[in-house]
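So the sequence shown is numbered by my numbering: it starts at -1 and just counts up by one.
For glycine and all other residues, C-beta sits at the position ideal for the given N, C-alpha and C.
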Amino acid sequence: MGWAGRLFDTRDTLVRMVLLDLSGLGYLVFGTQAGRTPTATQWVLAAVAFALAPVFHRRPLVNFVAQAGLLAIAIPLVDDITINQVGASWALLEVTMRARRGRTIGLACGLLAVVDLTDSIGDPIGQVASGVFGLTLEVGVPLLLGLVIRTNRELGRQAVERAAAEQRRHESESRAARADERSAIARELHDVVAHHVASMVLRVGVARHVLTDLDPRVGEVFDDVHDTGTAALAELRGLVAVLRNPDGVRPDAALTAIEPSALPAALGATVDRARQAGVTVDADIDPAVGALDAVRGLAVLRLTQEALTNVAKHAGSSALAHLVVAVEDGAVHWEVSDDGGGAVPAAVPSGGGHGITGMRERVDVLGGRLEAGPTSRGWRVRTVLPAVPAPAASVPRDREAPAGSPAPERA
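Structure, rendered in structure tokens:
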């Protein structure tokens, strides 16, 4: 807002009154007619006007009546009534800018016009004409300026209200679009994914009971597949419920699948499942992970599950994987690496899946940065989850990938 806008802002009424008083005082000291010294009566009337203006700066109508009364007193007593004329005109301007009803503005204009014309009663026609011209300046100018300021304020208020209404409409449409998208995803998860997972779990259970003469190791695999499918089905159902009614759950319910204290056991179960798939896993898990918050704890679990699944998928069951989960100064240092199963590491073409993409998005939300790429022996993926989420946090330089080396993704 420029200085002119601030000058006529409703909140700066006292500033306007103080400036008006200072200009009036300057006029009395330096600008009276023909070098005349202000009379005692003129000083008294001016002093009263100067005092009333800041005192009643929050009550414009009271100030106007007082200034108009002082003008009526000054007309027959002093020759130079400029101070009281300006005071009454400015008071009319304040009333015009701030009055709630148009009738109040009209009555104020009428009162000031009557007071100003009393100076022309009994005078010749020329003096009456001069009074009418002065009336135009004393009443018409503040009235016009006040109406312009008042209209501009109203237009500005309406513009703000329209912008707020447009913002609310946009947010409402965005919420509706997100709700439709969530409903579509929930339908697909329920009708397709959950249906097939449930069918797989059912068939594994049937096979486990029909094939009675199984090798115990095969039976353990069946049991593990059945338990994994059952857990996945339960999580899918929970996710469908959250997608269909996100307001009906706790704020962190969509993110929290396990209790934080159960994270070490969940990580251990993930490692055991990878070992059952044939991968040799060397796990170094800090017990302090059990004290992590639910969001970061779930992120660590999901990252570990995806990374070990990728090891089994790409490096093979003969691979050696190393898992590190450490908590240092509240930050979580997480890393999974493998030896490539004895094969020469090769870049995996991008676009083969969404595993690394999902991991990177999960890490970005928590303020970290995921590094994934081949090493001299195999593959490595790592990150640091900050203790306090930050808009843009970077991994320490000694953990960055070599400059210029690409970061191909695994599915």
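Using a threshold of 8 Å, state whether the C-beta atoms of residue i and residue j are closer than that.
i	j	result
VAL199	LEU234	no
VAL279	PRO262	no
LEU141	THR102	no
ALA111	VAL137	yes
GLY227	VAL202	yes
ARG300	ARG375	no
VAL382	GLY366	yes
VAL325	ASP270	no
ALA66	VAL27	no
VAL334	ALA310	no
GLU304	GLY371	no
ILE81	TYR25	yes
VAL330	ARG380	no
LEU306	VAL277	yes
ALA385	GLY328	yes
Tell me the residue span of the beta strand (DSSP E) that contains residue i.
i	result
ALA301	It should be noted that the sequence gives Leu, not Ala, for residue 301. Taken as a continuous stretch (DSSP letters only), LEU301 belongs to no beta strand (DSSP E), being part of the alpha helix (DSSP H) at 292 to 308.
ARG380	377 to 383
ALA89	Note, ALA89: premise wrong, no beta strand (DSSP E); alpha helix (DSSP H) at 80 to 96.
LEU318	318 to 326
GLY365	First-last for GLY365: undefined, no H or E at that position.
VAL334	329 to 336
Between the C-alpha atoms of residue i and residue j, what's the straight-line distance to the nearest angstrom?
i	j	result
THR268	GLY314	17 Å
ALA205	SER181	35 Å
ALA289	VAL322	17 Å
PHE220	ALA264	20 Å
CYS107	LEU91	10 Å
ALA175	ALA97	45 Å
ARG148	THR11	14 Å
HIS168	PHE62	46 Å
ALA281	VAL363	26 Å
SER348	ARG378	Summary for SER348: the model assigns pLDDT 43, below 50, so the residue's position carries little reliability; its value from the coordinates is reported in the next sentence. Straight-line Cα distance between these residues: approximately 16 Å.
GLU369	ASP336	14 Å
ALA161	ARG155	10 Å
GLN165	ALA157	12 Å
SER170	ALA184	21 Å
LEU153	ARG99	17 Å
GLY217	ALA275	14 Å
GLY104	LEU145	12 Å
ARG173	LEU237	19 Å
PRO58	LEU143	16 Å
THR37	ASP77	9 Å
ALA163	LEU109	41 Å
So, at 6 Å on beta carbons, what are the nonlocal neighbours of residue i in its own chain, with the 5 sequence-adjacent residues on each side left out?
i	result
VAL13	none
SER316	GLY339
VAL223	VAL202
HIS239	Residue identity check: residue 239 is Ala in the sequence provided, not His. Nothing listed; no residue qualifies.
ALA64	LEU50
VAL60	PHE54
Excluding five sequence neighbours on each side, which residues of the same chain lie with their C-beta closer than 8 Å to the C-beta of residue i?
i	result
LEU75	THR39, LEU43
ASP19	PHE48, ALA51, PRO52
THR116	ALA70, ILE73
LEU231	ALA192, VAL195, ALA196, VAL199
GLY22	ALA44, ALA47, PHE48, ILE81, VAL84, GLY85
VAL16	PRO52
SER392	Residue confidence is low: SER392 scores 40 on pLDDT, short of 50, so the model does not pin down where it sits. No coordinate-derived value is stated.
On the DSSP letters alone, give me the boundaries of the alpha helix (DSSP H) that residue i sits inside.
i	result
PRO285	Neither: PRO285 is in no alpha helix (DSSP H) and is coded neither H nor E.
ASP261	One detail in the question is off: residue 261 reads as Leu in this sequence, not Asp. Run containing LEU261: 261 to 274, per the alpha helix (DSSP H) assignment.
LEU135	Segment: none, LEU135 is in no alpha helix (DSSP H) and carries neither H nor E.
GLY108	100 to 115
If we cut at 8 Å on Cβ distances, does residue i have a partner in chain B?
i	result
LEU212	No chain B is present in this structure, which holds just one protein chain.
Give a single yes or no on whether residue i has its beta carbon closer than 7 Å to a heavy atom of the ligand MN.
i	result
ARG57	You won't find the ligand MN in this model; it holds no ligand whatsoever.
Suppose only complete runs of 4+ residues qualify. What are the alpha helix (DSSP H) ranges in the stretch 26 to 67, listed by chain order? Taking only runs of at least 4 residues, the alpha helix (DSSP H) segments lying wholly in the stretch 26 to 67 are 38 to 53.
Enumerated in chain order, which unbroken segments of the alpha helix (DSSP H) with a length of 4 residues or greater are wholly contained in the stretch 190 to 241? 192 to 208
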